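Below: one structure, written as structure tokens.
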Amino acid sequence: MAGAGAPAAPQAADRFDVIVVGAGIMGSCTAHAAASRGSRVLLLERFDLLHPLGSSHGDSRIIRDAYEQPRYVRMVCLARRLWAAAEAESGYRVLTPTPHLSMGPRSSASLAAALANIGAEEVLADDLGGRWGGAFAFTVPDPSDEWVTALSDHGGVLSATKAVAMFQSLAVAKGAAVRDNTEVVGIEKGPGPEGGVVVRTRDGQAFRGAKCVVTVGAWAAKLLGSISGGVDLPIKPLHTLHLYWRVKPGQEQSLSASAGFPTFSSYGDPPVYGTPSLEVPGLIKISCDGGPPCDPDARDWLAGDPEVTDRVARWIQEAMPGHVDASGGPVIRQSCMCSMTPDFDFVMDFLGGELGRDVVVGVGFSGHGFKMGPAVGKILAEMAIDGDSPTAAEADLDLGFFRIGRFDGNPVGNANKDQ
Ligand SMILES: Cc1cc2nc3c(=O)[nH]c(=O)nc-3n(C[C@H](O)[C@H](O)[C@H](O)COP(=O)(O)OP(=O)(O)OC[C@H]3O[C@@H](n4cnc5c(N)ncnc54)[C@H](O)[C@@H]3O)c2cc1C
3 MAGAGAPAAP QAADRFDVIV VGAGIMGSCT AHAAASRGSR VLLLERFDLL HPLGSSHGDS
63 RIIRDAYEQP RYVRMVCLAR RLWAAAEAES GYRVLTPTPH LSMGPRSSAS LAAALANIGA
123 EEVLADDLGG RWGGAFAFTV PDPSDEWVTA LSDHGGVLSA TKAVAMFQSL AVAKGAAVRD
183 NTEVVGIEKG PGPEGGVVVR TRDGQAFRGA KCVVTVGAWA AKLLGSISGG VDLPIKPLHT
243 LHLYWRVKPG QEQSLSASAG FPTFSSYGDP PVYGTPSLEV PGLIKISCDG GPPCDPDARD
303 WLAGDPEVTD RVARWIQEAM PGHVDASGGP VIRQSCMCSM TPDFDFVMDF LGGELGRDVV
363 VGVGFSGHGF KMGPAVGKIL AEMAIDGDSP TAAEADLDLG FFRIGRFDGN PVGNANKDQ
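Each number in the numbering used here comes from the position in the sequence shown (counting from 1) with 2 added on.
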């Protein structure tokens, strides 16, 4: 880690138990989990630490337990315990609890399953008008389909960049070495009886590790497709936006986290989500899933901008017209990338092939992984150190759903399986 008081830089001759490649939320949580087990850990990052070029930067991410697939409800539950433990260990506060409001057409099977999984309480139209100063007007719904809104206690806002910093500093406190501006270009089998892996960097260094965990976000298909013995992963990076809008004067309090305003997600079209006014006074984040495909090394930073911002502006004008001013467009737009798998399920597996179980892969978090970072990190660290994850087993998480092999001869992966 650069800067005064930083620990001694790792030397290429050093041997590590676990080398983690990529210091977003997943790599930082993995480094912390492995270092907490007493492993000698090296965390390598291609850009500056906490840079804004990947998927984990920014002011906020939603944590919610409203998921259609029970496995993610369980994973969020595990992650919540680990978020609380990391806050207690570090003294940082990164999670602001809020309720979570789910909304959408009653005919949506995904919404119905998500609400059933968490026992969310339906909010009747009359009640909605009395909550949060009548912020939601709901003229949005298709009149041919009844609209449903339901509230659960388990939402929340995570401070994204701060959370990544928290896990990096916890990892360093447990003895991990961290090196930024170090791009990994090769991962190969270690020579001789010692085996393990050799991790090679663009500037010509080679680090020896017993195991390696690859958490490179949107660069997954590029890196893992280019190394000898790698795999072709069907992961597509999308260019997506965080949008902040002006709260109308006088409505600041009703949209605030302190007044109990919820995080929310709409299962309608467009698939909009939002957080309470929190991180920037007078502004509220309301964004939309999706965006155009992108090459993480050659991004068009304005791609998709007018289409996405217009869709969200129209939604605001119809759903929250008295509270949010969409007339001048978003006040802040932050670019980000989502790494989409065909079934939106994560990839957490051993690489296989000639690198076998010495390389663990944690990628393809499909735009919904941040909240589960500490659970993913613990699972990946255990896979690297123990060859399996007791934590996943205890949480009743079947790692079979996250295997790379689900795409063999089956381009849709889990999309055609029972959840
Ligand atoms: C607009 C947007 C909104 C989102 N909202 C939510 C939300 O509300 N809730 C939620 O749970 N999730 C959300 N997500 C998803 C979540 O942010 C991601 O799933 C998560 O951040 C992925 O983290 P990561 O560590 O896999 O990737 P990254 O953060 O991109 O980390 C990968 C790191 O690897 C580094 N790297 C790449 N190649 C190399 C190399 N060769 N050598 C060394 N380092 C390398 C990169 O520089 C990067 O730092 C959202 C995502 C976006 C884009």
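For every residue, glycine included, the Cβ atom is placed at its ideal position computed from N, Cα and C.
From a predicted model like this one, the values you see are computed outputs, not experimental measurements.
Inter-residue spacing [alpha-carbon to alpha-carbon] between residue i and residue j
i, j, result
"residue 62", "residue 275", "12 Å"
"residue 130", "residue 332", "26 Å"
"residue 142", "residue 301", "In this prediction, residue 142 has a pLDDT of 46, which is less than 50 and means its spatial position is unreliable; what the coordinates show is noted afterwards. Spanning the two alpha carbons is a distance of roughly 33 Å."
"residue 252", "residue 133", "16 Å"
"residue 176", "residue 239", "33 Å"
"residue 72", "residue 33", "27 Å"
"residue 317", "residue 68", "22 Å"
"residue 96", "residue 361", "30 Å"
"residue 94", "residue 193", "42 Å"
"residue 413", "residue 266", "31 Å"
"residue 154", "residue 309", "31 Å"
"residue 219", "residue 386", "18 Å"
"residue 410", "residue 297", "24 Å"
"residue 4", "residue 325", "Confidence in residue 4 is poor, its pLDDT being 41 and thus under 50, which makes the residue's placement too unreliable to answer from."
"residue 335", "residue 306", "12 Å"
"residue 7", "residue 190", "Confidence in residue 7 is poor, its pLDDT being 42 and thus under 50, which makes the residue's placement too unreliable to answer from."
"residue 393", "residue 139", "43 Å"
"residue 288", "residue 113", "19 Å"
"residue 419", "residue 356", "29 Å"
"residue 248", "residue 328", "7 Å"
"residue 197", "residue 390", "19 Å"
"residue 340", "residue 241", "7 Å"
"residue 160", "residue 195", "45 Å"
"residue 182", "residue 225", "17 Å"
"residue 70", "residue 382", "24 Å"
Residue interval of the beta strand (DSSP E) (run including residue i)
i, result
"residue 344", "Element bounds for residue 344: n/a, residue is neither H nor E."
"residue 214", "208-216"
"residue 18", "17-23"
"residue 105", "102-107"
"residue 364", "358-365"
"residue 190", "186-191"
"residue 354", "349-354"
"residue 34", "That residue, residue 34, is in no beta strand (DSSP E); its alpha helix (DSSP H) goes 27-38."
"residue 413", "That residue, residue 413, is in no beta strand (DSSP E); it is neither H nor E in DSSP."
"residue 239", "238-249"
"residue 285", "285-290"
"residue 152", "149-154"
Any non-hydrogen atom of ligand 1 within 7 Å of residue i CB
i, result
"residue 70", "no"
"residue 311", "no"
"residue 373", "yes"
"residue 350", "no"
"residue 55", "yes"
"residue 48", "yes"
"residue 190", "no"
"residue 63", "yes"
"residue 177", "no"
"residue 230", "no"
Extent of the continuous alpha helix (DSSP H) to which residue i belongs
i, result
"residue 261", "That residue, residue 261, is in no alpha helix (DSSP H); it is neither H nor E in DSSP."
"residue 311", "307-321"
"residue 89", "72-92"
"residue 277", "That residue, residue 277, is in no alpha helix (DSSP H); it is neither H nor E in DSSP."
"residue 419", "Careful: residue 419 lies outside any alpha helix (DSSP H) and carries neither H nor E."
"residue 179", "Element bounds for residue 179: not the alpha helix (DSSP H) but the beta strand (DSSP E), 179-181."
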